[in-house]
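Note sheet for the following structure.
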Amino acid sequence: MVAATMLVGCTTGGMHASSSHSANSGQVLTITTPATTADVTNPVEVCMAINGYTVEPAKNGVNPGKGHHHLLIDVDVPKDLSQPLAKDSEHVHMGDGSTCKSLTLSKGQHVITAVFAQGNHVPYNPPITAAVIVHVK
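FYI, the numbering for the sequence shown is 4 to 140, going by the working numbering.
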């Protein structure tokens, strides 16, 4: 597996981190690594686990109860959940169906938010998210 590496700036703004958010009981997304408030060094390995859904590649299309992860770096989850998530330095698509991604982040504090989305990159609604705050040394 080839890990994507990216450089992103540090702009936490009004971001708030939480360990997980569940759309329905028993369906929970968790960032297993790194721990929130962790001091980390590059590359930062971010891993997720989800209960109640199946992780699969985006190329499999939209399938009920299935999808893939996205990582949002220092940005909020979009308010319009009917549109595909952006794909840029702040929005990392994991459409290959992986559960871990290696990131290179600038020094300082960052909020990393995981969002579980359908095969068309549209988040579930209500959103299935988890977030951690890390400090890159």
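Built from N, CA and C at the ideal position, the CB exists for glycine as well. Here the structure is a predicted model, which is why all the values come from computation and not from measurement.
How far does the beta strand (DSSP E) with Lys69 in it extend, from its first residue to its last? Bounds of the beta strand (DSSP E) holding Lys69 are 69 to 76.
Relative to the C-alpha of Val47, which residue among Pro87, Pro60, Val31, Lys104 is closest? Out of Pro87, Pro60, Val31, Lys104, Lys104 has the C-alpha closest to the C-alpha of Val47.
Under the DSSP definition of a beta bridge, which residues are partnered with Asp91? His94
So Pro87 and Val125 are supposed to be a Cβ contact under 8 Å. How far apart are they, rounded? 5 Å
According to DSSP, simplified to helix, strand and coil, what is Asn63? helix
Where do the N-terminal and C-terminal ends of the beta strand (DSSP E) with Ala134 fall, by residue? 126 to 139
Quick one: what's Val58 bridged to in DSSP? Gly70
Identify which residue in Val78, Gly55, Thr36, His96 has its Cα closest to the Cα of Ala61. His96
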